[in-house]
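So for the sequence shown, the working numbering puts the first residue at 5; every next one is plus one.
Where a beta carbon is used, it is the ideal one built from N, C-alpha and C, also for glycine.
Accompanying notes for the structure given below.
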Amino acid sequence: MTFLVNLFVGLSMTFCIGLNDPGKNPGQYQDYVLNKLNPDCYYNWAIYSENNLDNPKFNPMLWKLSDGSINQARRLAKQYLGRTWLIYNEPEGSDQANTKPEEAAEWFDKAYNAIKEVDSTATIACCGVMVRNEGITWLDKFVSKVKNKPDVWHVHIYINSQNFNDWLSFWNWWLDWNKKTGNNLPVFITETCATYQESQDDLLLNLLNYQHPLLKRVYWFSAYPEPIVKDWKCNLLNADGTLTDLGKTFQTFTIPPNKLTPVPEPTLKPTATATITPTATKLPPTLTPTATPTITPTPIPTIDETTGEGVTLEPHQQKLYLPIVNN
Numbered sequence: 005m006t007f008l009v010n011l012f013v014g015l016s017m018t019f020c021i022g023l024n025d026p027g028k029n030p031g032q033y034q035d036y037v038l039n040k041l042n043p044d045c046y047y048n049w050a051i052y053s054e055n056n057l058d059n060p061k062f063n064p065m066l067w068k069l070s071d072g073s074i075n076q077a078r079r080l081a082k083q084y085l086g087r088t089w090l091i092y093n094e095p096e097g098s099d100q101a102n103t104k105p106e107e108a109a110e111w112f113d114k115a116y117n118a119i120k121e122v123d124s125t126a127t128i129a130c131c132g133v134m135v136r137n138e139g140i141t142w143l144d145k146f147v148s149k150v151k152n153k154p155d156v157w158h159v160h161i162y163i164n165s166q167n168f169n170d171w172l173s174f175w176n177w178w179l180d181w182n183k184k185t186g187n188n189l190p191v192f193i194t195e196t197c198a199t200y201q202e203s204q205d206d207l208l209l210n211l212l213n214y215q216h217p218l219l220k221r222v223y224w225f226s227a228y229p230e231p232i233v234k235d236w237k238c239n240l241l242n243a244d245g246t247l248t249d250l251g252k253t254f255q256t257f258t259i260p261p262n263k264l265t266p267v268p269e270p271t272l273k274p275t276a277t278a279t280i281t282p283t284a285t286k287l288p289p290t291l292t293p294t295a296t297p298t299i300t301p302t303p304i305p306t307i308d309e310t311t312g313e314g315v316t317l318e319p320h321q322q323k324l325y326l327p328i329v330n331n
């Protein structure tokens, strides 16, 4: 199987500090979040209002492909040139895009061709898998069937730890797969945080200071508390719109020095219920950080966070994840 190669896309990318779910539609709620946090790029788990594309920072996602979503993408790609398109969201998950890799490859080729036919400058990223055994296995099958190589891989990394080395262990696992199987493509981390950890500032600081030639974007999960994972501590804003300590740390990377001017509170302060999406992934609640950033993973048995079924993880992760509890 031979990939069709696009050498232009990705070579000139600059690092983008991104954000998940600042609000579905342009207007008071979303504008408040974008002004407050000023991310370089952002996305929701769907296009929702097509007016979102009026903002060049918005990256449209096709959560699960169909003839309808591909036709919409073709029309919008012709109108909004040079955009980044995120394809799929955790297709290996039964509660997410839930698409078999063989079917996903066929649909991806259709979407890739439809977008590139009208905009050769578009950047197409796939496939939003979790960096875990299920995600890697899914991608192995996907790349064996797909005809068009994406311009970028986009993946999700979650840990329940403040230890940046724990995050790096997943990243190094991903780099190993990317080098051996994924054509060493550029990478977007389209979801990441430290789940249940009360304090995540150290992770965020290290992550946004981290440099790697293949890492082009990091999207933090998430702007507001997400009801589907209500016990996670990743939110940059409280439900009333005020900054969390984590949000203040995020601001230091996105707001120019000496320009941290107050943003007026919205008349109708946003609440957590406004941010419900179909995409957040549940993770287990506890860990003891043991990972190092250089060990090549060797899988061992553990528990899948979405199905409760037996899966495998590397040795350094065996104390990171305990059996899941319902959120």
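Collapsed DSSP secondary structure at residue i in the structure displayed
{"i": "R136", "result": "coil"}
{"i": "T196", "result": "strand"}
{"i": "K104", "result": "coil"}
{"i": "I259", "result": "coil"}
{"i": "R221", "result": "strand"}
{"i": "I74", "result": "helix"}
{"i": "W178", "result": "helix"}
{"i": "Y116", "result": "helix"}
{"i": "Y2", "result": "This structure does not reach residue 2, given that the chain is present from 5 up to 331, and the question cannot be answered."}
{"i": "L143", "result": "helix"}
{"i": "L241", "result": "strand"}
{"i": "L85", "result": "coil"}
{"i": "N213", "result": "helix"}
{"i": "A227", "result": "coil"}
{"i": "F19", "result": "coil"}
{"i": "D35", "result": "helix"}
{"i": "I232", "result": "helix"}
Cβ pair residue i, residue j closer than 9 Å
{"i": "M134", "j": "G97", "result": "yes"}
{"i": "V191", "j": "W157", "result": "yes"}
{"i": "W159", "j": "I193", "result": "Sequence check: residue 159 is Val here, not Trp. For V159 and I193, yes; Cβs fall inside 9 Å."}
{"i": "N242", "j": "A198", "result": "no"}
{"i": "V37", "j": "Y228", "result": "yes"}
{"i": "Y47", "j": "G22", "result": "yes"}
{"i": "V150", "j": "C20", "result": "no"}
{"i": "Q255", "j": "S203", "result": "no"}
Given residue i as reference, the closest of the options once Cα atoms are compared
{"i": "N152", "options": "K183, V222, T127", "result": "T127"}
{"i": "L226", "options": "L208, N213, K220", "result": "Rather than Leu, the amino acid found at residue 226 in this sequence is Ser. Considering only alpha carbons, the answer is L208."}
{"i": "G132", "options": "W181, N56, T125, E195", "result": "E195"}
{"i": "K82", "options": "K104, Q201, L57", "result": "L57"}
{"i": "P30", "options": "G22, I21, L41, F62", "result": "F62"}
{"i": "W224", "options": "N239, N213, H216", "result": "N239"}
{"i": "V147", "options": "P261, P105, Y46, P43", "result": "P105"}
{"i": "D144", "options": "G186, D180, W175, F168", "result": "G186"}
{"i": "Y33", "options": "D244, A101, S173, Q76", "result": "D244"}
{"i": "D206", "options": "I161, S173, W89, T253", "result": "T253"}
{"i": "L80", "options": "I51, E107, K68, N102", "result": "I51"}
One or two residues paired with residue i in a DSSP bridge
{"i": "L90", "result": "M65, A129"}
{"i": "N24", "result": "Y47"}
{"i": "H158", "result": "C131, F192"}
{"i": "L247", "result": "L241"}
With 16 other Cβ atoms within 10 Å as the buried cut-off, status of residue i
{"i": "D350", "result": "Residue 350 falls outside the range modelled here, since the chain spans only 5 to 331, and no answer is possible."}
{"i": "K184", "result": "exposed"}
{"i": "P60", "result": "exposed"}
{"i": "T125", "result": "exposed"}
{"i": "V136", "result": "According to the sequence provided, residue 136 is Arg. The question's Val does not apply to it. Answer is buried; the Cβ neighbour count reaches 16."}
{"i": "D25", "result": "buried"}
{"i": "P260", "result": "exposed"}
{"i": "T311", "result": "Interpretation of T311 is limited by its pLDDT of 37, a score under 50 that renders its predicted location unreliable; the figure taken from the coordinates is listed afterwards. When all chains shown are included, T311 counts as exposed."}
{"i": "P43", "result": "buried"}
{"i": "L287", "result": "Residue confidence for L287 is low, a pLDDT of 41 falling below 50, so the modelled location carries little weight and cannot support an answer."}
{"i": "D249", "result": "exposed"}
beta-carbon residue i near the ligand FMN non-hydrogen atom, thresh 8 Å
{"i": "D180", "result": "You won't find the ligand FMN in this model; it holds no ligand whatsoever."}
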